[in-house]
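The opening position of the sequence shown corresponds to residue 1 in UniProt numbering, with each subsequent residue numbered one higher.
Cβ atoms here follow ideal geometry from the backbone N, Cα and C, with glycine treated the same way.
Owing to the predicted nature of the structure, the values given are computational and were not obtained by experimental measurement.
Notes for the one structure printed next.
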Amino acid sequence: MKHDFIILGADGMQGSIVARYLLEKGYSVFCADIALSRIKNLLTLHKKRATFKFVDVKDSGRLIGAIHESGAEIVINCAEGDWNLDVFKVCLAAQRHCIDLGSWFHMTREQLRLNGAFKKIKRTAITGCGSVPGIGNVMLAYASKKFDSIRSIDVGFAWDSNIKKFVVPFSMESILEEYTNKAPYIQSGRLRRMRPRDSARVRFFRAIGPQKIFLAEHAEIYSFFHYFKSYGVKNIRFYSGFPEHSEKVIDILAKLTFADPRLVIFDGKEIVPSKFLSQMLKRMKMPRGYKEWENLWVEINGRKNRRKKKILMEYIISPLKGWENAGCNIDTGFPAAIIAEMIKYGDISKRGSFAPEAVVPEKQLFRALKKYKFVLYENGKKMII
(Lines of atoms letter the chains of each structure in order from A and count residues from 1; the text may use other names and numbers.)
(Lines give C-alpha, C1' and ligand atoms only; values in the text may rest on other atoms or scores of the structure.)
Protein backbone atom coordinates (compact mmCIF):
# COMPACT_ATOMS: atom_id res chain seq x y z
CA MET A 1 0.00 0.00 0.00
CA LYS A 2 1.25 3.46 -0.87
CA HIS A 3 0.89 5.71 2.15
CA ASP A 4 0.19 9.43 2.25
CA PHE A 5 2.71 10.12 5.01
CA ILE A 6 5.47 8.40 6.96
CA ILE A 7 5.94 9.48 10.59
CA LEU A 8 9.27 8.94 12.34
CA GLY A 9 9.07 8.74 16.12
CA ALA A 10 5.41 7.81 15.74
CA ASP A 11 5.16 6.22 19.19
CA GLY A 12 6.37 9.34 20.98
CA MET A 13 4.22 12.09 22.46
CA GLN A 14 4.14 14.26 19.34
CA GLY A 15 4.32 11.46 16.80
CA SER A 16 1.26 9.79 18.29
CA ILE A 17 -0.70 13.05 18.05
CA VAL A 18 0.28 13.53 14.40
CA ALA A 19 -0.58 9.90 13.62
CA ARG A 20 -4.01 10.12 15.23
CA TYR A 21 -4.77 13.48 13.57
CA LEU A 22 -3.94 12.17 10.09
CA LEU A 23 -5.58 8.76 10.50
CA GLU A 24 -8.80 10.32 11.77
CA LYS A 25 -8.82 12.53 8.67
CA GLY A 26 -8.76 9.44 6.48
CA TYR A 27 -5.12 9.38 5.36
CA SER A 28 -2.97 6.27 5.15
CA VAL A 29 0.01 6.53 7.48
CA PHE A 30 3.24 4.54 7.82
CA CYS A 31 4.43 4.73 11.44
CA ALA A 32 8.05 4.11 12.40
CA ASP A 33 9.75 4.10 15.81
CA ILE A 34 12.18 2.20 18.02
CA ALA A 35 9.36 1.24 20.42
CA LEU A 36 5.67 0.44 20.26
CA SER A 37 3.38 1.11 23.21
CA ARG A 38 1.52 4.42 22.97
CA ILE A 39 -0.05 3.89 19.51
CA LYS A 40 -0.94 0.18 19.73
CA ASN A 41 -4.66 0.85 20.04
CA LEU A 42 -4.54 3.51 17.32
CA LEU A 43 -2.95 1.05 14.90
CA THR A 44 -5.60 -1.55 15.68
CA LEU A 45 -8.40 0.96 15.22
CA HIS A 46 -7.09 2.02 11.80
CA LYS A 47 -5.47 -1.25 10.72
CA LYS A 48 -6.55 -0.86 7.08
CA ARG A 49 -4.72 2.47 6.69
CA ALA A 50 -1.92 2.24 9.26
CA THR A 51 1.36 0.34 9.06
CA PHE A 52 4.06 0.08 11.72
CA LYS A 53 7.74 -0.79 11.40
CA PHE A 54 10.53 -0.75 13.99
CA VAL A 55 13.04 1.80 12.72
CA ASP A 56 15.88 3.63 14.45
CA VAL A 57 16.53 6.97 12.71
CA LYS A 58 20.24 6.51 13.50
CA ASP A 59 20.27 3.57 11.05
CA SER A 60 20.21 5.47 7.76
CA GLY A 61 20.10 2.32 5.65
CA ARG A 62 17.05 0.93 7.42
CA LEU A 63 15.46 4.39 7.47
CA ILE A 64 15.77 4.96 3.73
CA GLY A 65 14.41 1.45 3.20
CA ALA A 66 11.36 2.23 5.34
CA ILE A 67 10.76 5.49 3.47
CA HIS A 68 10.79 3.68 0.12
CA GLU A 69 8.64 0.87 1.53
CA SER A 70 6.03 3.38 2.72
CA GLY A 71 5.64 4.93 -0.72
CA ALA A 72 4.97 8.24 1.03
CA GLU A 73 6.21 11.45 -0.55
CA ILE A 74 6.25 13.33 2.76
CA VAL A 75 8.33 12.43 5.82
CA ILE A 76 7.13 13.85 9.15
CA ASN A 77 10.01 13.56 11.58
CA CYS A 78 8.77 13.56 15.19
CA ALA A 79 11.82 11.80 16.60
CA GLU A 80 14.15 13.59 19.01
CA GLY A 81 15.94 16.50 17.38
CA ASP A 82 19.49 15.11 17.69
CA TRP A 83 19.09 13.37 14.33
CA ASN A 84 17.13 15.97 12.35
CA LEU A 85 20.05 16.85 10.09
CA ASP A 86 20.68 13.18 9.33
CA VAL A 87 17.01 12.70 8.49
CA PHE A 88 17.15 15.70 6.14
CA LYS A 89 20.11 14.07 4.36
CA VAL A 90 18.28 10.74 4.12
CA CYS A 91 15.28 12.55 2.62
CA LEU A 92 17.60 14.16 0.07
CA ALA A 93 18.86 10.70 -0.90
CA ALA A 94 15.30 9.35 -1.03
CA GLN A 95 14.06 12.49 -2.83
CA ARG A 96 11.25 13.12 -0.35
CA HIS A 97 9.69 16.19 1.24
CA CYS A 98 10.49 16.44 4.95
CA ILE A 99 9.40 18.37 8.02
CA ASP A 100 10.47 18.14 11.66
CA LEU A 101 9.63 19.70 15.02
CA GLY A 102 12.81 21.72 15.44
CA SER A 103 16.52 21.41 16.12
CA TRP A 104 19.18 23.08 18.20
CA PHE A 105 20.75 26.37 17.10
CA HIS A 106 23.72 25.07 15.12
CA MET A 107 21.84 22.16 13.55
CA THR A 108 19.15 24.55 12.31
CA ARG A 109 21.88 26.49 10.52
CA GLU A 110 23.16 23.32 8.84
CA GLN A 111 19.63 22.31 7.80
CA LEU A 112 18.92 25.68 6.18
CA ARG A 113 22.23 25.40 4.31
CA LEU A 114 20.70 22.44 2.45
CA ASN A 115 18.35 24.86 0.66
CA GLY A 116 20.11 24.46 -2.69
CA ALA A 117 20.22 20.67 -2.41
CA PHE A 118 16.47 20.38 -1.78
CA LYS A 119 15.74 22.92 -4.49
CA LYS A 120 17.77 20.83 -6.94
CA ILE A 121 15.62 17.73 -6.33
CA LYS A 122 12.44 19.85 -6.31
CA ARG A 123 11.46 18.96 -2.76
CA THR A 124 10.51 21.00 0.31
CA ALA A 125 12.09 20.62 3.75
CA ILE A 126 10.87 22.65 6.73
CA THR A 127 12.47 22.48 10.16
CA GLY A 128 10.55 23.54 13.27
CA CYS A 129 6.89 22.85 12.45
CA GLY A 130 5.42 22.54 15.95
CA SER A 131 4.40 25.18 18.48
CA VAL A 132 7.60 27.11 19.17
CA PRO A 133 9.32 26.69 16.83
CA GLY A 134 6.43 26.53 14.40
CA ILE A 135 3.35 28.56 15.24
CA GLY A 136 5.55 31.24 16.80
CA ASN A 137 7.54 31.62 13.57
CA VAL A 138 4.36 32.08 11.56
CA MET A 139 3.02 34.65 14.05
CA LEU A 140 6.27 36.58 13.60
CA ALA A 141 6.02 36.42 9.80
CA TYR A 142 2.48 37.81 10.01
CA ALA A 143 3.37 40.65 12.41
CA SER A 144 6.64 41.59 10.69
CA LYS A 145 4.75 43.01 7.73
CA LYS A 146 3.55 45.82 10.00
CA PHE A 147 7.10 47.07 10.68
CA ASP A 148 9.63 49.05 8.70
CA SER A 149 12.40 47.94 11.05
CA ILE A 150 12.64 45.50 13.97
CA ARG A 151 14.94 45.99 16.96
CA SER A 152 14.08 43.01 19.16
CA ILE A 153 12.12 39.76 19.10
CA ASP A 154 11.22 37.80 22.24
CA VAL A 155 9.44 34.48 21.85
CA GLY A 156 8.42 31.67 24.17
CA PHE A 157 5.75 29.62 25.90
CA ALA A 158 4.08 29.42 29.29
CA TRP A 159 1.58 26.85 30.50
CA ASP A 160 -0.28 25.59 33.54
CA SER A 161 -2.76 22.91 34.61
CA ASN A 162 -5.80 22.69 36.86
CA ILE A 163 -4.30 19.81 38.89
CA LYS A 164 -0.87 20.65 40.27
CA LYS A 165 0.78 17.30 39.61
CA PHE A 166 3.67 16.47 37.30
CA VAL A 167 2.61 15.23 33.89
CA VAL A 168 5.15 14.49 31.16
CA PRO A 169 5.47 17.62 28.97
CA PHE A 170 6.16 17.65 25.21
CA SER A 171 9.56 15.87 25.30
CA MET A 172 11.56 15.02 28.42
CA GLU A 173 14.81 14.82 26.46
CA SER A 174 14.38 18.27 24.95
CA ILE A 175 13.21 19.79 28.23
CA LEU A 176 16.18 18.49 30.21
CA GLU A 177 18.55 19.84 27.57
CA GLU A 178 16.82 23.24 27.53
CA TYR A 179 16.93 23.34 31.33
CA THR A 180 20.64 22.58 31.63
CA ASN A 181 22.42 23.71 28.44
CA LYS A 182 23.73 27.26 28.21
CA ALA A 183 21.13 29.21 26.25
CA PRO A 184 22.16 31.15 23.12
CA TYR A 185 20.63 34.56 22.55
CA ILE A 186 21.44 37.56 20.39
CA GLN A 187 22.15 40.90 22.04
CA SER A 188 23.26 43.99 20.13
CA GLY A 189 23.73 41.79 17.06
CA ARG A 190 26.14 39.39 18.77
CA LEU A 191 25.60 35.78 19.82
CA ARG A 192 25.93 35.24 23.57
CA ARG A 193 25.17 32.40 26.01
CA MET A 194 23.84 32.26 29.54
CA ARG A 195 22.89 29.57 32.05
CA PRO A 196 19.08 29.34 32.02
CA ARG A 197 18.74 29.72 35.81
CA ASP A 198 20.73 32.98 35.69
CA SER A 199 18.16 34.51 33.32
CA ALA A 200 15.03 33.61 35.32
CA ARG A 201 12.36 36.27 35.75
CA VAL A 202 8.61 36.44 36.27
CA ARG A 203 6.21 37.63 33.57
CA PHE A 204 2.42 37.75 33.43
CA PHE A 205 0.71 35.70 30.70
CA ARG A 206 -2.84 35.72 29.41
CA ALA A 207 -4.76 32.60 30.53
CA ILE A 208 -1.81 31.54 32.71
CA GLY A 209 -1.06 34.37 35.14
CA PRO A 210 2.41 35.13 36.54
CA GLN A 211 5.06 32.54 35.73
CA LYS A 212 8.83 32.22 36.01
CA ILE A 213 10.52 32.03 32.63
CA PHE A 214 14.13 31.50 31.62
CA LEU A 215 16.26 31.66 28.49
CA ALA A 216 16.52 28.38 26.59
CA GLU A 217 18.32 27.07 23.53
CA HIS A 218 15.92 27.08 20.59
CA ALA A 219 16.00 27.09 16.80
CA GLU A 220 14.35 30.51 16.59
CA ILE A 221 17.53 32.26 17.69
CA TYR A 222 19.09 31.28 14.38
CA SER A 223 16.09 31.28 12.02
CA PHE A 224 14.72 34.66 13.18
CA PHE A 225 18.09 36.31 12.60
CA HIS A 226 18.51 34.47 9.29
CA TYR A 227 15.20 35.67 7.87
CA PHE A 228 14.79 39.06 9.57
CA LYS A 229 18.30 40.51 9.65
CA SER A 230 17.28 42.77 6.74
CA TYR A 231 14.90 44.44 9.23
CA GLY A 232 17.91 45.39 11.34
CA VAL A 233 17.06 43.05 14.23
CA LYS A 234 19.63 43.27 17.06
CA ASN A 235 18.13 41.26 19.94
CA ILE A 236 16.51 37.80 19.89
CA ARG A 237 15.63 35.76 22.99
CA PHE A 238 13.68 32.56 23.59
CA TYR A 239 12.00 31.95 26.97
CA SER A 240 10.64 28.69 28.40
CA GLY A 241 8.04 28.75 31.15
CA PHE A 242 6.88 25.93 33.44
CA PRO A 243 4.46 25.95 36.36
CA GLU A 244 6.14 25.50 39.73
CA HIS A 245 4.89 21.94 40.27
CA SER A 246 6.39 20.85 36.93
CA GLU A 247 9.65 22.76 37.24
CA LYS A 248 10.38 21.18 40.64
CA VAL A 249 10.34 17.69 39.11
CA ILE A 250 12.42 18.78 36.10
CA ASP A 251 14.96 20.30 38.48
CA ILE A 252 15.18 17.07 40.49
CA LEU A 253 15.64 14.98 37.34
CA ALA A 254 18.40 17.32 36.17
CA LYS A 255 20.15 17.08 39.56
CA LEU A 256 19.89 13.30 39.35
CA THR A 257 21.97 13.61 36.11
CA PHE A 258 19.28 12.40 33.71
CA ALA A 259 20.33 15.31 31.47
CA ASP A 260 23.94 14.06 31.34
CA PRO A 261 24.56 12.83 27.76
CA ARG A 262 27.28 10.38 28.82
CA LEU A 263 26.41 6.73 28.36
CA VAL A 264 25.71 4.46 31.32
CA ILE A 265 26.73 0.81 31.05
CA PHE A 266 24.17 -1.51 32.64
CA ASP A 267 24.09 -5.28 32.25
CA GLY A 268 26.48 -4.98 29.33
CA LYS A 269 24.34 -2.48 27.44
CA GLU A 270 24.90 1.20 26.74
CA ILE A 271 22.06 3.41 27.98
CA VAL A 272 21.46 7.13 27.43
CA PRO A 273 19.79 8.25 30.70
CA SER A 274 17.38 10.75 29.10
CA LYS A 275 16.24 8.27 26.44
CA PHE A 276 15.69 5.58 29.08
CA LEU A 277 13.72 8.10 31.15
CA SER A 278 11.54 9.02 28.16
CA GLN A 279 10.56 5.39 27.62
CA MET A 280 9.86 4.88 31.34
CA LEU A 281 7.63 7.95 31.52
CA LYS A 282 5.36 6.59 28.78
CA ARG A 283 3.85 4.50 31.58
CA MET A 284 2.65 7.57 33.48
CA LYS A 285 -1.07 8.29 33.38
CA MET A 286 -2.70 11.69 33.64
CA PRO A 287 -4.74 12.34 36.80
CA ARG A 288 -8.48 12.06 36.29
CA GLY A 289 -9.91 15.43 35.24
CA TYR A 290 -6.48 16.86 34.38
CA LYS A 291 -6.48 19.82 31.95
CA GLU A 292 -3.82 22.15 30.54
CA TRP A 293 -3.69 25.65 29.07
CA GLU A 294 -0.79 27.16 27.13
CA ASN A 295 0.24 30.57 25.86
CA LEU A 296 2.54 30.72 22.82
CA TRP A 297 3.82 34.27 22.42
CA VAL A 298 6.00 36.50 20.29
CA GLU A 299 6.78 40.12 21.18
CA ILE A 300 8.23 42.36 18.46
CA ASN A 301 9.64 45.84 19.05
CA GLY A 302 10.62 48.12 16.20
CA ARG A 303 9.50 51.11 14.16
CA LYS A 304 6.82 52.00 11.62
CA ASN A 305 6.86 55.36 9.85
CA ARG A 306 9.71 56.41 12.18
CA ARG A 307 7.57 55.84 15.26
CA LYS A 308 8.15 53.16 17.89
CA LYS A 309 5.90 50.14 17.48
CA LYS A 310 5.29 47.03 19.56
CA ILE A 311 3.20 43.97 18.73
CA LEU A 312 2.49 41.07 21.08
CA MET A 313 1.12 38.01 19.29
CA GLU A 314 -0.35 35.24 21.47
CA TYR A 315 -1.97 31.90 20.81
CA ILE A 316 -4.04 30.49 23.67
CA ILE A 317 -4.51 26.74 23.62
CA SER A 318 -7.24 25.31 25.85
CA PRO A 319 -8.37 21.73 26.53
CA LEU A 320 -9.88 20.17 23.41
CA LYS A 321 -12.71 17.68 23.77
CA GLY A 322 -11.56 14.20 22.86
CA TRP A 323 -7.89 15.17 23.10
CA GLU A 324 -7.63 15.71 26.86
CA ASN A 325 -4.95 13.04 27.26
CA ALA A 326 -2.68 14.98 24.92
CA GLY A 327 -2.90 18.14 27.01
CA CYS A 328 -1.41 21.18 25.28
CA ASN A 329 0.85 18.98 23.17
CA ILE A 330 -1.75 19.33 20.43
CA ASP A 331 -0.18 22.72 19.69
CA THR A 332 2.93 20.89 18.49
CA GLY A 333 1.39 17.87 16.78
CA PHE A 334 -1.46 19.66 15.00
CA PRO A 335 0.58 22.30 13.15
CA ALA A 336 3.08 19.64 12.03
CA ALA A 337 0.25 17.60 10.51
CA ILE A 338 -1.34 20.69 8.96
CA ILE A 339 1.93 21.84 7.38
CA ALA A 340 2.46 18.33 5.98
CA GLU A 341 -1.01 18.56 4.42
CA MET A 342 -0.09 21.94 2.92
CA ILE A 343 2.90 20.36 1.18
CA LYS A 344 0.78 17.45 -0.04
CA TYR A 345 -1.84 19.69 -1.63
CA GLY A 346 0.54 22.29 -3.02
CA ASP A 347 -0.37 25.10 -0.63
CA ILE A 348 3.35 25.16 0.09
CA SER A 349 5.01 24.82 -3.30
CA LYS A 350 8.34 26.61 -2.82
CA ARG A 351 11.24 24.18 -3.03
CA GLY A 352 14.29 24.23 -0.80
CA SER A 353 15.06 24.04 2.92
CA PHE A 354 13.34 26.52 5.21
CA ALA A 355 12.01 27.42 8.63
CA PRO A 356 8.22 28.03 8.77
CA GLU A 357 8.41 31.85 8.69
CA ALA A 358 9.72 31.65 5.11
CA VAL A 359 7.06 29.49 3.46
CA VAL A 360 4.00 28.67 5.59
CA PRO A 361 0.93 30.71 4.52
CA GLU A 362 0.06 32.56 7.73
CA LYS A 363 -3.68 33.04 7.51
CA GLN A 364 -4.22 29.53 6.15
CA LEU A 365 -2.47 28.08 9.19
CA PHE A 366 -4.40 30.40 11.51
CA ARG A 367 -7.72 29.31 9.97
CA ALA A 368 -6.78 25.64 10.29
CA LEU A 369 -5.86 26.05 13.98
CA LYS A 370 -9.08 27.95 14.67
CA LYS A 371 -11.03 24.74 13.95
CA TYR A 372 -9.41 23.27 17.07
CA LYS A 373 -10.26 26.20 19.35
CA PHE A 374 -6.81 27.81 19.19
CA VAL A 375 -7.42 31.51 19.90
CA LEU A 376 -5.12 34.16 18.41
CA TYR A 377 -4.54 37.61 19.93
CA GLU A 378 -2.75 40.68 18.63
CA ASN A 379 -1.93 43.24 21.32
CA GLY A 380 -4.66 41.83 23.54
CA LYS A 381 -7.36 41.87 20.88
CA LYS A 382 -8.81 38.57 19.69
CA MET A 383 -8.21 38.22 15.97
CA ILE A 384 -11.02 37.37 13.58
CA ILE A 385 -9.50 35.28 10.80
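When DSSP reads this structure, M313 sits in a beta bridge with V298, E378. Within its own chain, the residues whose Cβ lies closer than 6 Å to the Cβ of A200, once the five positions on either side in sequence are excluded, are K212, F214, listed in chain order. For V264, the secondary structure class from DSSP, reduced to helix, strand or coil, is strand.
Taken atom to atom, the span from the alpha-carbon of L376 to that of C328 is near 15 Å. Assignment of S149 by DSSP, reduced to helix, strand and coil, places it in the strand class. One thing to note: G333 has its Cβ within 8 Å of the Cβ of Q14.
For Q14, the enclosing alpha helix (DSSP H) covers residues 13-24. According to DSSP, residue pairing for P210 in a beta bridge involves F204. E244 counts as exposed, since fewer than 16 other beta carbons sit within 10 angstroms of its beta carbon. Within its own chain, the residues whose Cβ lies closer than 6 Å to the Cβ of D100, once the five positions on either side in sequence are excluded, are N77, N84, T127, listed in chain order. Counting C-beta atoms within 10 angstroms of its own C-beta, T44 has fewer than 16 neighbours from the protein chains shown and is therefore classed as exposed. In the structure shown, E217 falls within a coil segment according to DSSP collapsed to helix, strand and coil. Closest in C-alpha terms to G116, from the list A368, M383, N379, K350, comes K350. In the three-state scheme derived from DSSP, where H, G and I count as helix and E and B as strand, W323 is classed as coil. The beta carbon of E220 sits closer than 6 Å to those of P133, V155, F238, all from its chain and outside the five residues before and after it, given in chain order. Rounded to the nearest whole angstrom, the C-alpha separation of H68 and A50 is 16 Å.
The beta carbon of K381 is closer than 6 Å to none in its chain, skipping five residues each way along the sequence. Contact check between the region 227-237 and the region 145-162: three or more CB pairs, one atom from each, fall below 8 Å, which counts as touching.
Within a 10 Å sphere around the beta-carbon of S188 sit fewer than 16 other beta-carbons, which makes this residue exposed.
A66: member of the alpha helix (DSSP H) spanning 60-70, first to last residue.
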